[in-house]
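Residue numbers (the working numbering): -3 to 294. The beta-carbon is built from N, C-alpha and C at its ideal position, and this holds for glycine as well. Take a look at the structure set out below.
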Amino acid sequence: MNFKDWENEKDTLHLLSQILGKYKLEASYQEPQWSHVTLNIDVQGFSTGMLSYETHTFSLNVNLIQHHIEVVVDQNVHDITLKNGRTIQYYYNEIEKLLNQSDIHLKINTLPQEVANPIPFENDTEHHHYDDKIAKKALALMKFAYHAEANFVNGLRVRKSKPGLFWGTFDISCMIVKDQPAPFEDDSKVIERAAFDEEMIEFGFWFGDDQFEGPTFFVLPYPFADQPFDTDDRFPKDSYFDKQLMEYLIEYQQHHDIDTITQFFKASYLKFADFLNWNNVDYVFSPLKMKPNHLNNR
């Protein structure tokens, strides 16, 4: 999908993910690199997974097939219908009301993060766009990104963060992390100082923006690249290194399949692992000692 064709709908979904993410931030066990706050991609949309508050367990789920938000508290399920014209203010107030009625009284920071011109959820009447068909297309892209990243990273013998939806930037990413401290240079930046405090390589996907008209996959090293890199014959066609972003990119096209993206991730990983002087890279790809299932026979 071209970014400009669904920018309003994307912004509304992004802010819905931020509402879910803010609750997950307050009610999930903490992990390095903010891995505990990513949202799960599932068959129907995206979800917080199980959260905890005192004696209660709960979850918040955005269902892009049946077009509603599910608020699940203990053994009770409540639905809030997603439809065009309903505002972020409305969705936030309904979620908060249902949680409070169930004795979940979590206070969250209602100001969106990492977006231009943020409006507190309780005041946001500007974002109210929803389209059933667009929502399903967005979900299909989320699933493709999830499967491409999981196909690459899950079987690797390495410390990793599996694919999840980072709601601040609204991208789907996974990481390979090295047990090597690398503190972020500006400790006053709350997000960055926790996200970037060890050497790592991030593999991700975003839906497009003003610079990229459609969905794009990327690979980013930390410490950040300080030199340009080439693309050799290990890379799939259409891959390139962006000298402004200092990342490897491949802009998604209809002919790209999961194996194409996996090839892109692996080639980028090998380049950046060499740049970071990581050792034992061959071991990372050692086969698992178990009978392959149908996903491993790709």
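Asked, Found
"Beta-ladder partner(s) of V58, from DSSP", "F42 and I65"
"CA nearest to the CA of E3, picked from Y126, N105, L16 and Q240", "Y126"
"Limits of the alpha helix (DSSP H) - the one that Y304 falls within", "Any question about residue 304 goes unanswered here, given that the chain covers just -3 to 294."
"Sub-7 Å separation of E243 and L216 beta-carbons", "yes"
"Those runs of the alpha helix (DSSP H) which lie wholly inside the region 112 to 160 and span at least 4 residues", "128 to 149"
"Residues near T44 in its chain [Cβ-Cβ closer than 7 Å; skip 5 each side]", "L16, Y19, K20, L35, S55 and L56"
"Pair within 7 Å by beta-carbon distance, L60 and A141", "no"
"Cβ contact check for the region 204 to 213 and the region 173 to 182: 3 or more pairs under 8 Å", "no"
"One or two residues paired with H52 in a DSSP bridge", "Y49"
"Limits of the unbroken alpha helix (DSSP H) element including S169", "Unbroken run through S169 is the beta strand (DSSP E), D167 to P177; no alpha helix (DSSP H)."
"Same chain, Cβ closer than 7 Å to I378, five either side skipped, listed in chain order", "Given that the chain is displayed from residue -3 to residue 294, the structure contains no residue 378 and the question cannot be resolved."
"Sheet register partners of M242 (DSSP bridge)", "Answer is none; M242 lacks a bridge partner."
"Contact between the region 182 to 202 and the region 155 to 174 (3+ Cβ pairs under 8 Å)", "yes"
"Spatial neighbours of N308 in its chain, beta-carbon cut-off 8 Å, leaving aside the 5 residues before and after", "The structure shown has nothing for residue 308, since the chain only spans -3 to 294."
"R230 versus F281 - alpha carbon distance", "15 Å"
"Helix, strand or coil at H252 [DSSP, three-state]", "coil"
"Buried versus exposed call for F220 [16 or more other C-beta atoms within 10 Å across all chains shown]", "exposed"
"Beta-carbon separation (whole angstroms), D226 vs F237, contact threshold 8 Å", "7 Å"
"Helix, strand or coil at W30 according to DSSP, with G and I counted as helix", "helix"
"Residue nearest to T106 in terms of C-alpha spacing, selected from P288, Y25, N119 and D234", "N119"
"Buried or exposed (CB count within 10 angstroms, at least 16 for buried), V277", "exposed"
"Cross-strand partners of D75 (DSSP beta bridge)", "E66"
"Backbone secondary structure at Y25 - three-state DSSP", "coil"
"Chain C contact for V277 (CB, 7 Å cutoff)", "In the displayed structure, chain C is absent; only one protein chain is listed."
"Cross-strand partners of I37 (DSSP beta bridge)", "F42"
"Strand pairing of L216, partner residues [DSSP]", "E198"
"Straight-line gap, Y88 to Q109 (C-alpha atoms, nearest Å)", "15 Å"
"L9, DSSP secondary structure in three states", "helix"
"Coarse secondary structure for K260, derived from DSSP in three states", "Per the sequence shown, the amino acid found at residue 260 is Phe instead of Lys. Correct three-state label for F260: helix."
"Residue of D75, Y86, E181 and H10 minimising C-alpha distance to I168", "H10"
"Three-way DSSP call (helix, strand, coil) for F(-1) in this model", "helix"
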